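K.L.:
In numbering that gives the first Met the number 0, the protein residues as written are 0 to 240. The beta-carbon is built from N, C-alpha and C at its ideal position, and this holds for glycine as well. Everything numeric in this text was worked out from a predicted model, so none of it was measured. Structure provided below as structure tokens; questions to follow.
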Amino acid sequence: MQSAIAGENSMSLKKFAPPGLYIPTLYFIEGLPYILVNSVSVYMFKSFGLSNRFIGLAGILMLPWVLKMLWAPLVDITSSKRQWTVVMQFILAVCTLATAAAFHLSFMATFVVLFLFLTAFASATHDIAADGYYLLALDSNKQAFFVGIRSTAYRIAMIAGGGIAAAAGMLERVTKDIPFSWSTAYGAIALVFLGSYFFHRRFLPRPENSIAPIVSSGIPPFFQAFRTYFQQPKIVVILLF
Numbered sequence: 000m001q002s003a004i005a006g007e008n009s010m011s012l013k014k015f016a017p018p019g020l021y022i023p024t025l026y027f028i029e030g031l032p033y034i035l036v037n038s039v040s041v042y043m044f045k046s047f048g049l050s051n052r053f054i055g056l057a058g059i060l061m062l063p064w065v066l067k068m069l070w071a072p073l074v075d076i077t078s079s080k081r082q083w084t085v086v087m088q089f090i091l092a093v094c095t096l097a098t099a100a101a102f103h104l105s106f107m108a109t110f111v112v113l114f115l116f117l118t119a120f121a122s123a124t125h126d127i128a129a130d131g132y133y134l135l136a137l138d139s140n141k142q143a144f145f146v147g148i149r150s151t152a153y154r155i156a157m158i159a160g161g162g163i164a165a166a167a168g169m170l171e172r173v174t175k176d177i178p179f180s181w182s183t184a185y186g187a188i189a190l191v192f193l194g195s196y197f198f199h200r201r202f203l204p205r206p207e208n209s210i211a212p213i214v215s216s217g218i219p220p221f222f223q224a225f226r227t228y229f230q231q232p233k234i235v236v237i238l239l240f
């Protein structure tokens with residue numbers, strides 16, 4: 000990623016695609032892995048006959064979204080938001096494809112949980128980068144205009160997640176093959192992520208100054224980011240709330 004820093008910062012904003020095209024797709028991809036990990040996986044685990052206790056323990060998969068603030072400074076200071084966004088979409092494709100393959104392994108549950116956790120981590124990182132990119136790529140007027148559009152795209156992803164579960168269930172009833180049914184469903188999602196990767200790699204504009212400036216103070220940039228965070232007004236009250 001480091002090699003992309005100089006190239007991205009030296010380029011002026013190029014309108015590879017209008018915001019009306021890439022904002023909905025960007026936030027659809029932001030919402031899809033969340034519903035995939037936290038809702039669709041529940042139906043999948045039940046299809047395989049796993050216990051409610053196991054499914055409850057699998058709630059740990061949500062942790063990356065809860066704790067993403069811990070590595071958000073790393074995203075800010077190491078490479079551009081665009082680069083992080085695109086790379087995370089490729090990783091989402093790989094993790095989802097690996098999940099699809101894991102349904103046919105002996106220790107299916109263990110590998111599926113592992114790959115879903117990696118999917119969650121990549122998705123949480125994608126959230127950080129995509130939300131930051133949104134602020135960089137659009138001026139304040141366009142940001143206000145697209146708030147409803149991006150929220151709608153995110154909600155459509157939630158609906159699509161329900162469709163994925165329904166499609167897997169229908170395929171399961173037809174084929175009587177549970178691993179094949181869910182492997183096909185997750186494989187299709189992997190193709191969506193892969194298509195998104197190629198689309199956004201080609202068409203996302205390249206904003207200038209896409210890396211957060213860090214003022215030199217003798218403190219490593221990663222920890223300096225946390226220091227500036229805790230220097231915000233009334234931050235103690237906010238955190239306690």
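(1) Report yes or no: do the stretch 161-175 and the stretch 115-132 share at least 3 C-beta pairs separated by less than 8 Å?
(2) If you measure between the beta carbons of Ala-123 and Lys-80, is that distance less than 9 Å?
(3) Are there 16 or more other CB atoms within 10 angstroms of the CB of Tyr-33, so buried, or fewer, so exposed?
(4) At which residues does the alpha helix (DSSP H) containing His-199 begin and terminate?
(5) Determine, using beta-carbon pairs with one atom in the stretch 55-72 and one in the stretch 142-159, whether at least three such pairs fall under 8 Å.
(6) Please report the distance separating the alpha-carbon of Ala-21 from that of Ile-177.
(7) Go to Asn-140, then tell me how far its alpha helix (DSSP H) extends in each direction, as first and last residue.
(8) Assess, as a yes-or-no matter, whether the stretch 50-66 is touched by the stretch 84-91 under the definition of 3 or more beta carbon pairs within less than 8 Å.
(9) Does the stretch 46-57 touch the stretch 188-199, meaning 3 or more C-beta pairs lie closer than 8 Å?
(10) In three-state terms, what does DSSP make of Ser-122?
(11) Go ahead and label Phe-114 buried or exposed: buried means 16 or more other beta carbons lie within 10 angstroms of its beta carbon, across all protein chains shown.
(12) Could you tell me the boundaries of the alpha helix (DSSP H) in which Met-43 lies?
(13) According to DSSP, simplified to helix, strand and coil, what is Gln-231?
(14) I need the straight-line Cα distance from Val-36 to Leu-238, nearest angstrom please.
(15) Terminal residues of the continuous alpha helix (DSSP H) containing Gly-55?
(16) Any idea what DSSP makes of Ala-71, helix, strand or coil?
(17) With distances taken Cα to Cα, identify the nearest neighbour of Pro-204 among Ala-187, Leu-134 and Gly-147.
(18) Three-state secondary structure (DSSP) at Arg-81?
(19) Here's the rule: buried if 16 or more other CB atoms are within 10 angstroms of the residue's CB, otherwise exposed. What is Ser-2?
(20) Find the nearest neighbour of Tyr-228 within the set Phe-53, Ala-16 and Pro-72, judged by alpha-carbon distance.
(21) Determine the burial state of Ala-143: buried for a count of at least 16 other Cβ atoms within 10 Å of its Cβ, exposed for fewer.
(22) Closest by CA to Gly-30, which one among Trp-181, Phe-179 and His-125?
(23) Since Ala-128 and Pro-23 should fall inside the 8 Å C-beta cutoff, what is the C-beta to C-beta distance between them, to a whole number of angstroms?
P.N.:
Checking against the coordinates, here is how it stands:
(1) The answer is no - the stretch 115-132 does not touch the stretch 161-175, with fewer than three Cβ pairs under 8 Å.
(2) No, they are not a contact pair.
(3) Sixteen is the threshold: when 16 or more other Cβ atoms of the shown chains lie within 10 Å of the Cβ of Tyr-33, as they do, the residue is buried.
(4) Where His-199 is concerned, the enclosing alpha helix (DSSP H) stretches over 177-202.
(5) By the Cβ test, the stretch 55-72 is not in contact with the stretch 142-159, since fewer than three Cβ pairs between them sit closer than 8 Å.
(6) It should be pointed out that residue 21 corresponds to Tyr in this sequence rather than to Ala. Rounded to whole angstroms, Tyr-21 and Ile-177 show a C-alpha spacing of 35 Å.
(7) Counting along the chain, the unbroken alpha helix (DSSP H) around Asn-140 starts and ends at 139-174.
(8) Taking a cut-off of 8 Å for Cβ pairs, the stretch 84-91 and the stretch 50-66 do not touch, as fewer than three such pairs fall below it.
(9) Contact between the stretch 188-199 and the stretch 46-57 is absent: fewer than 3 CB-CB pairs across the two stretches fall below 8 Å.
(10) Three-state result, Ser-122: helix.
(11) It counts as buried.
(12) Segment 40-46, the alpha helix (DSSP H) holding Met-43.
(13) In the three-state reduction of the DSSP assignment, Gln-231 falls in the coil class, being assigned neither a helical nor a strand state.
(14) When only Cα atoms are considered, Val-36 and Leu-238 end up about 27 Å apart.
(15) 51-56 is the extent of the alpha helix (DSSP H) around Gly-55.
(16) Note: Ala-71 maps to helix in three-state DSSP.
(17) Comparing C-alpha distances from Pro-204 to each of Ala-187, Leu-134 and Gly-147 shows the shortest one belongs to Leu-134.
(18) Here Arg-81 sits in helix by DSSP.
(19) For Ser-2, the predicted structure reports a pLDDT of 45, less than 50, and the residue's modelled location is therefore unreliable. The matter cannot be settled from this model.
(20) Nearest of Phe-53, Ala-16 and Pro-72 to Tyr-228, Cα basis: Pro-72.
(21) Around the Cβ of Ala-143, a 10 Å sphere holds fewer than 16 other Cβ atoms; the residue is exposed.
(22) In this structure, His-125 is the residue among Trp-181, Phe-179 and His-125 with its C-alpha nearest to the C-alpha of Gly-30.
(23) About 17 Å; that fails the 8 Å criterion.
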